[in-house]
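Below is one structure; the comments refer to it alone.
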Amino acid sequence: MAPVKLLPLLGATIAVLGNATPGDGASPGGSTTTTYSVELGAEGACLSDINGLREKGGLSKFVQPTEAGKQLPSPENSDNKWDAFCQDVLRAGKQGLKASLPSDDDGSSSAMYGMMVISSSKVDCSAVVDRWKDAYKSFSGFPPAPDQASGLYDNSDTVMFTALFNPSSGATADCRVATCTETVTTTVPSEQPKKTEKKGYAFLCVTTPNVLAEKGTPPFTKEQWEKIASIFKASAPAVLPSVSFVIFAALMGAIL
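Numbered by mature numbering (1 follows the signal peptide of the UniProt record, and there is no 0), the letters in the sequence shown go through residues -25 to -1, 1 to 231 in order.
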């Protein structure tokens, strides 16, 4: 799988062994080894909530993909490709950050990845949808083509918003909760190894196709955008949420 740069099957677990390196607190002759395991939750996480919002904008529901190429990469036999993702999740001080994910895509077209750090394995779907909706205020008008966006799509929230309202016929979304476990093993001569664990959680989605792949083409037609914008205009009196969901567009070029 190639890596991916970014802007959750029960029990699917993979242990990723890192390089053994002496830790700061290791005794002479000792070493510390860090390993990562990833468990992906059931498919379709928050999909009904996401589809409810899409239908308000006149779009069809996302389809749960069955093809491997449109699903989140399996942690099994991934050759440490989830390391960077778990490191980002475990070190996140707040919800939303850029991360790397493994995939077979070259990053130029097929899919878009999105990730939001959460506090436990139970995701608040309303919070996820609200986070995505927040990015509407990043747009001052009709969304431009990527090559005319002046950095608009460098914002992960904006990219995730665009992915959420993917207008393509037959658009798919594979969303799950990912649980990352970091295990640090300290080995000292003549002593039993000592292990410490730390867990982190993230809501993770991959959507297809990538609506920002065609650099000279806007992600929406004006008619599509008017219907999407009507959702937010109708709720204008209410306070719109703040911007910031994490994702990584057109990403798939190295690890997620």
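The beta-carbon is built from N, C-alpha and C at its ideal position, and this holds for glycine as well.
Contact defined as beta carbons within less than 8 Å: I believe THR158 pairs with SER6. What is the distance between those atoms, to the nearest angstrom?
The pair is not a contact, with the Cβ atoms about 14 Å apart (cut-off 8 Å).
Closest Cα partner of residue 252 within the set LYS97, LYS173, LYS190, ALA110
Residue 252 is absent from the model: the chain starts at -25 and stops at 231.
Going by beta-carbon coordinates alone, are CYS180 and ALA146 separated by less than 9 Å?
no
Have a look at THR9, VAL38, CYS100, LEU28 and flag the residue whose alpha-carbon is nearest the alpha-carbon of ASN55.
THR9
Just to confirm, is the Cβ distance from THR154 to VAL13 under 9 Å?
yes
Got a sec? Which residues, its chain only, sit under 7 Å from LEU47 by beta carbon, not counting five neighbours each side?
Short of 7 Å from the beta carbon of LEU47, and not among the five residues preceding or following it, lie these beta carbons of its own chain, in chain order: LEU15, ASP149, ARG151, LEU179, VAL181.
Measuring only the C-alpha atoms, how far is TRP107 from VAL134?
9 Å
What is the DSSP secondary structure of CYS21, counted as helix, strand or coil?
coil
Alpha-carbon to alpha-carbon, VAL104 and SER95:
Approximately 17 Å, taken between the alpha carbons.
Taking C-beta to C-beta, are LYS173 and LEU65 nearer than 9 Å?
yes
Just tell me which of SER23, SER143, SER131, THR160 has its CA closest to the CA of LYS170.
THR160
For ASN26, which residues of its own chain have a beta-carbon under 7 Å away from its beta-carbon, when the five flanking residues on both sides are left out?
LYS36, PHE37
ASP149 bridges to which residues according to DSSP?
VAL181
Spatial neighbours of CYS100 within its chain, please: CB distance less than 6 Å, with the 5 preceding and 5 following residues excluded, ordered by chain position.
CYS21, ASP24
Would you give the residue range spanned by the beta strand (DSSP E) that THR8 belongs to?
THR8 -> beta strand (DSSP E) spans 6 to 15.
Could you check whether ALA86 and ASN185 sit closer than 9 Å to each other, using their CB atoms as the reference points?
yes
If you draw a straight line from the alpha carbon of SER131 to that of PRO168, how long is it in whole angstroms?
41 Å
With a threshold of 16 other CB atoms inside 10 Å of the CB of PRO194, please say whether the residue is buried or exposed.
PRO194 should be labelled buried.
From what residue to what residue does the beta strand (DSSP E) around VAL92 run?
87 to 93
Roughly how many whole angstroms lie between the Cα atoms of GLU30 and LEU127?
25 Å
Please give the ranges of any alpha helix (DSSP H) in the stretch 37 to 67, keeping only runs that are unbroken, at least 4 residues long and fully inside the region.
58 to 65
Nearest CA to the CA of SER205: which residue from CYS61, ALA17, LEU28, GLY32?
GLY32
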